[in-house]
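Colleague: The following block contains the structure, expressed as structure tokens.
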Amino acid sequence: MRAITIPEPGGPEALRWSEVPDPEPGPGEVVVAVRASAVNRADLLQRQGHYPPPPGASAYPGLECAGVVAATAPDVTGWRVGQEVCALLAGGGYAERVAVPAGQLLPVPAGVDPVDAAALPEVACTVWSNVVQLARLAAGETLLVHGGGSGIGTFAIQLGAALGATVVVTARAAKHERLRELGAAHTVDYREQDFVEEVRRVTDGRGADVILDIMGAAYLGRNVAALTTGGRLVVIGMQGGRKAELDLGMLLAKRASVTATALRSRPVAEKAAIVRGVREQVWPLVEAGRIRPVVDRRMPMSDAAGAHRLVESSDHLGKVLLLTD
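Its first residue numbered 1, the sequence shown is counted upward by one per residue in UniProt numbering.
This is the structure we're talking about:
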């Protein structure tokens with residue numbers, strides 16, 4: 001088969017469309033013939049040499065895919081050859097075939113294009129596990145989402161709105177209209193506006209109940225300031241750095257919490273539990289049309305370098321897909 005390899009870390013030009021051995025299903029695994037994968041920020045970090053795959057994972061980038069079951073291990077039940085699926089991966093999505101633990105497979109939701117389904121697994125599992133499972137977002141609360149135009153952001157907007165929350169997002173002004181169409185009640189231009197002031201303004205001074213943050217250090221202090229009493233800040237990215245000072249006095253006074261999580265490195269059993277939760281609680285919302293994959297464009301997998309350049313520019317909205325055909 002062919003796959004995107006990274007012989008040496010570097011810029012987008014480091015990605016190579018190469019001939020590699022076909023994967024075989026290990027115990028508890030399914031091999032998926034990949035139709036499409038999606039570009040995530042973690043893929044860019046891996047290409048740069050900053051985010052190696054966890055032990056035992058494929059060396060090829062790609063944290064999600066959509067395709068067709070091509071083979072199953074003898075101990076796998078519930079999945080059949082030829083079935084259309086999408087999957088959460090620890091790596092290997094940028095390839096024509098990938099071996100996946102069966103617990104990380106999802107059926108393609110009814111009404112969703114089988115290729116566009118590649119835009120769903122990673123964002124659905126990340127957002128649901130953090131916003132719902134961990135931060136316990138409830139109807140009537142306010143959710144602040146940073147990076148609203150990203151794959152994570154566009155999904156979080158839709159899930160938050162579907163759950164009855166008021167969603168506030170930060171994003172470039174050019175993306176605001178689209179984000180409001182997805183369900184954002186309030187949009188903040190992070191280049192021109194102070195998101196702390198805006199959150200306080202639209203909540204009559206209360207602040208946000210839940211904040212989903214991709215920036216890390218650069219936003220830590222302001223995120224805590226933007227929380228309401230009992231608020232929950234969940235950090236899932238470090239685009240703004242790793243280290244910052246934390247005002248514990250403010251955190252104590254607000255009886256708030258700060259949590260940081262990663263999905264890729266979790267044990268297989270934990271990922272399977274998250275996937276089950278997504279299938280039970282999120283897939284019905286997708287099939288009802290209340291959440292949909294947001295795809296900026298489809299590109300050939302052989303042009304993964306071009307897709308990485310696009311995502312690095314942040315000029316896209318939603319997901320950039322890589323197609324094997």
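Heads up, the beta-carbon is just placed ideally off N, CA and C, and yes, glycines get one too.
A quick note: this is a predicted structure, and the numbers were derived from the prediction, not measured.
(1) In angstroms, rounded to a whole number, what distance separates the CA positions of Y190 and A171?
(2) Counting only the same chain and skipping the five closest in sequence on each side, list residues whose C-beta sits under 6 Å from that of T203.
(3) Taking only three categories from DSSP, how would you classify H186?
(4) Could you tell me the alpha carbon to alpha carbon distance between V167 and L144, rounded to whole angstroms?
(5) Taking buried to mean at least 16 other C-beta atoms within 10 Å of its own C-beta, is K319 buried or exposed?
(6) According to the neighbour-count rule (16 or more other Cβ atoms, all chains shown, within 10 Å of its Cβ), is A184 buried or exposed?
(7) Counting C-beta neighbours from all protein chains within 10 Å, is the total for H50 16 or more, i.e. buried, or is it exposed?
(8) For a quick check, are the C-beta atoms of V258 and V275 less than 9 Å apart?
(9) Please state whether the Cβ-Cβ distance between L163 and A139 is less than 9 Å.
(10) Do I157 and L182 come within 9 Å of each other at the CB atom, strictly closer than that value?
(11) For a quick check, are the C-beta atoms of M215 and M250 less than 9 Å apart?
(12) Below 7 Å CB to CB, which residues in the same chain sit around residue 337 once its five sequence neighbours on both sides are set aside?
(13) Going by C-alpha distance, which of E312, A262, S265 and R232 is nearest L252?
(14) Tell me whether the beta-carbon of Y60 lies closer than 9 Å to the beta-carbon of G93.
(15) From this set, V210, E280, A70 and S18, which residue's C-alpha is nearest A256's C-alpha?
(16) Would you check if there are 3 or more beta carbon pairs closer than 8 Å linking the stretch 29 to 45 to the stretch 85 to 105?
(17) If we count the other Cβ atoms within 10 Å of its Cβ and call it buried at 16 or more, is K243 buried or exposed?
(18) Residues bridged to E64 by DSSP?
(19) Is there contact here, the stretch 4 to 21 with the stretch 302 to 318, by at least three beta-carbon pairs under 8 Å?
(20) The alpha helix (DSSP H) that contains W283, what's its start and end?
(21) Based on Cα-Cα distance, which residue from P25, N130 and A118 lies nearest to V39?
(22) Going by the CB atoms, is the gap between R222 and F195 shorter than 9 Å?
(23) On the criterion of 16 or more Cβ atoms from any shown chain inside 10 Å, does T229 qualify as buried, or is it exposed?
(24) Express the C-alpha separation of L212 and I4 in angstroms, rounding to a whole number.
(25) Please name the residue, chosen from H186, D325 and P23, that lies closest to A99 on a Cα-to-Cα basis.
(26) Just verifying my parser: in three-state terms, what is the DSSP assignment at G151?
(27) Tell me, which residues are paired with V268 by DSSP?
(28) From which residue to which residue does the alpha helix (DSSP H) around G240 run?
(29) Locate the alpha helix (DSSP H) running through A262, then write down its first and last residues.
(30) Return the first residue and the last residue of the beta strand (DSSP E) that M250 is part of.
(31) Which partner residues of K319 appear in the DSSP bridge assignment?
Modeller: This is what the structure holds:
(1) Using only the alpha carbons, I get a separation of about 6 Å.
(2) T142
(3) strand
(4) 6 Å
(5) buried
(6) buried
(7) H50 should be labelled exposed.
(8) no
(9) yes
(10) yes
(11) no
(12) An answer regarding residue 337 cannot be provided, because it is not within the stretch 1 to 325 covered by the chain.
(13) R232
(14) Yes, they are a contact pair.
(15) V210
(16) yes
(17) exposed
(18) L88
(19) yes
(20) W283 to E287
(21) A118
(22) Result yes, Cβ atoms of F195 and R222 sit closer than 9 Å.
(23) Looking at its Cβ environment, which holds fewer than 16 other Cβ atoms inside 10 Å, T229 is exposed.
(24) 31 Å
(25) P23
(26) helix
(27) For V268, DSSP records no beta bridge to any residue.
(28) From DSSP, G240 is part of no alpha helix (DSSP H); its letter is neither H nor E.
(29) Unbroken run through A262: none, as it is neither H nor E.
(30) Counting along the chain, M250 falls outside any beta strand (DSSP E), though it belongs to the alpha helix (DSSP H) covering L248 to K254.
(31) V295
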